[in-house]
Structures are given as C-alpha cells and as structure tokens.
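What follows is one structure encoded as structure tokens, with my remarks underneath.
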Amino acid sequence: MPELRMEGVSFHNVLRDITVAWSGGSLIGLIGPNGAGKSTLMRLAAGIWVPTGGRVTLDSRDVHRLNPLQRARHLTYLPQQTFHDVAYTVREFVAMGRFAHRKHWQERVHALRAAGRRAAVQGRGPGGASGTSRQLVEDAIAAMELAPLADVPLAQLSGGERQRAAIARCLAQGCDTWLLDEPISNLDPYYQWDILRRLRAMAEDGRLIVIAIHHLELAAQFCTELTLLHHRTVFAHGSPEEVLREDVLAAAFRLPIRTFRDPHTGVLRVSLPPRPAR
Ligand SMILES: Nc1ncnc2c1ncn2[C@@H]1O[C@H](COP(=O)(O)OP(=O)(O)OP(=O)(O)O)[C@@H](O)[C@H]1O
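Numbering (our numbering), first residue to last: 1 to 278.
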C-alpha cells in the first residue's frame, strides 16, 4: 500500500516544519482556514513544487525527483481550479488520464522532449487508445454519470459537470495515490455525497486518498483521518473525533463550532453557531 511522508517540510513563509505520514487504506481530509496552505501542501505532495526544507517521499522516493511519467503512474493530482479553457470533449479529456500508460504517447513525449518541443505535446489529442484504456475511460465516464455528455466540449459544461469530468480523468488514470484539492467544491449535495462515498470505498480497497475539504460535517463522516493546517503547520492530526474538538475548531476557525454525536445515528456532527440576533 502506498505511503506518503512529509518530514520537516517547509515552503518559503507559507508552511513550516510539516511532519505527517499518510498511508494506503485511508481517506485523509486536509482541513484548515483559507490561506492555511492546503493547496500548497497538495502541490508539494504531488511533486509539482519542491519544498524549501525537508522531504516529501512516496514509498521512500523523493516525489519531486520522479519524472512526470513515473509520477502519473503512481499519483493523480486534481488542482483546485477546474479546467475552463480546455478545447477537448469530455471523452478526450478523460482519456488524457491514460497518458502515462500509453506507450506511443510516451515515445512521442520522449521524442518531442529530445527535440525541445515539449509544449507541442499539449496541443495533441489522445488517439489510438488500447482496448483496456478505452474501457477504463468509458467506465470512468459512466461512473461520473457523464455518458450523455461524452462528446460535448468541456467548455460547454456546468461547473459541477466539469468537476466530475476532472474526477473521471483521475479515475481513468488508475493510480493508488490520489491528491484532490477540493473535489466537492462545485458539486450539489447528491454528488458531494456520492463522490465521497466512492472515495471512501476506494480508500478501503487500499488506496491513499487525500482531499482538501472545507465541509467539516462531510469530512467528519467520510474521512478516516484529518490533518488540520493552521499557523503554517500541522495544528492537529488524527481521527475525526481527535481533530474535531471544539477547542481546536474555535482556535483554527475563530468560531464556536459545536461537535456532538447524533443521538439517533451515533454519527459525529459538526454545527456552525446560529445566526446572531440583530
Ligand atoms: N507560489 C507562492 N509563493 C508564495 N506564497 C504563496 C504561493 N502560493 C500561495 N501562496 C500563499 O500561501 C498561502 C497559502 O495558500 P494556499 O492556496 O495553499 O491556501 P489554502 O489553505 O489552500 O487556502 P484556501 O482554503 O483559500 O483554498 C496564501 O497566503 C497564499 O497567498
């Protein structure tokens, strides 16, 4: 099972001395106030940015030393911003998740890189997928309920549809380690619940899935562990019960957030304070 470790990780004045280990079999919720550094930590974990101090390792290898193809075989990363200006259809976009698994694409990348024309790769659509890849792409599109939109350009989708297409691309990639920056931010309640249910099931199958999430109640219900960033470092880490303590939440979010067990279901609930009287 994958293991992603941060050992004394710093990044300029944004993050300092982050030490945390995330293992396969877990759905990790990365929480914290705006500007706490969640997206920054995601980019460091994905190997996109290099820490200014400390180490980030995936299965004991420095993640930023993996080349992009090696990274894409092991790790899928969903950025916070969805893809507005992509000229491809949903199917073409999801098929890009298979990039690192497709031999002729890799050969093309190597050839173009050798010729110093890397940028040209981005302008080429996916073609000639193997039968397995094609099936994985269709399965991912179906799982995200996008089959009726498969031939529609991404630019014509709603925000939530585009978000689901981006998650479908991650699914098609078929990695054991997932880093998703606010995957439910544009989704309606049904899809928030549905995506988190799927991510939890995938984690229980042995994957490591890390999500940045602001919805504390859903984080409490679906995540196996939470890492709370505040004051540029790990402010709390552990099970939802350990992290979602009222004193911890008050300090991090500057609000008297209540947590309690639902008397009917036993589920941990998170309640924002009521609207103040005028
Ligand atoms: N490349 C960079 N160099 C320096 N500072 C940066 C850089 N990128 C972001 N920051 C700053 O780092 C801090 C953390 O930003 P980040 O996007 O990681 O926060 P976040 O926890 O994801 O916030 P949000 O909840 O609003 O999405 C912010 O104050 C931001 O302005």
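Glycine is no exception: its CB is placed at the ideal position from the N, C-alpha and C atoms.
On a predicted model such as this, the values are computed, not experimentally measured, just so you know.
Query                                                                                                                                                       : Result
Answer yes or no: the CB of Asn186 versus the heavy atoms of ligand 1, is any distance below 6 Å?                                                           : no
Can you have a look at Pro263 and say buried or exposed, based on whether 16 or more other CB atoms are within 10 angstroms of its CB?                      : exposed
Assuming Ile18 and Val94 form a contact by the criterion Cβ under 8 Å, report the distance between their Cβ atoms to the nearest whole angstrom.            : Ile18 to Val94, Cβ: 33 Å. No contact.
Which full runs of the beta strand (DSSP E) of 3+ residues lie inside the segment 146-232, going along the chain?                                           : 177-181, 208-212 and 225-230
Looking only at DSSP bridge pairs, what is Gly238 linked to?                                                                                                : Leu226
Would you say Ser60 and Glu225 are within 7 Å of each other, going by their C-beta atoms?                                                                   : no
Do Thr76 and Cys170 have their beta-carbon atoms positioned less than 7 Å apart in this structure?                                                          : yes
For Thr265, which beta-bridge partners are listed by DSSP?                                                                                                  : Partner(s): none; Thr265 has no beta bridge.
When the Cα atoms are used, what is the spatial distance from Arg164 to Ile213?                                                                             : 16 Å
Tell me whether Val56 sits in a helix, a strand or coil according to DSSP, three-state version.                                                             : strand
Note down, in chain order, each residue of its chain lying with its Cβ closer than 7 Å to the Cβ of Val14, except the 5 sequence neighbours on either side. : Gly37, Thr40 and Arg232
Starting from the Cα of Ala250, find the closest Cα among Thr265, Gly159, Arg261 and Ser271 and give me that residue.                                       : Ser271
Say the cut is 6 Å; is the CB of Gly35 nearer than that to a heavy atom of ligand 1?                                                                        : yes
Compare the C-alpha of Thr52 against each of Glu7, Arg73 and Glu138 and name the closest.                                                                   : Glu7
Under the criterion of a Cβ to heavy atom distance below 6 Å, does Ser39 qualify as lining ligand 1?                                                        : yes
Would you identify the three-state DSSP class for Asp17, choosing helix, strand or coil?                                                                    : strand
Hey, Thr177 and His101: beta-carbon distance below 7 Å or not?                                                                                              : no
Taking 6 Å as the cut-off, is the beta-carbon of Val86 closer than that to any non-hydrogen atom of ligand 1?                                               : no
To which residues does DSSP link Leu30 through a beta bridge?                                                                                               : Ala212 and Thr227
Considering only the beta carbon of each residue, do Glu78 and Pro183 sit closer than 7 Å?                                                                  : One detail in the question is off: residue 78 reads as Leu in this sequence, not Glu. Against a cut-off of 7 Å, the Cβ pair of Pro183 and Leu78 comes out as a contact.
For ligand 1, is there any heavy atom lying closer than 6 Å to the beta carbon of His12?                                                                    : yes
What's the C-alpha gap between Gln156 and Ile209?                                                                                                           : 29 Å
With 7 Å as the threshold, decide whether the Cβ of Ser23 is near any Cβ in chain D.                                                                        : Absent from the structure is chain D; it holds one protein chain and no more.
Helix, strand or coil: which one does DSSP assign to Val270?                                                                                                : strand
Indicate the three-state DSSP secondary structure (helix, strand or coil) for Arg61 in the structure shown.                                                 : strand
State the Cα-Cα distance for the pair Met96 and Gln173, rounded to the nearest angstrom.                                                                    : 8 Å
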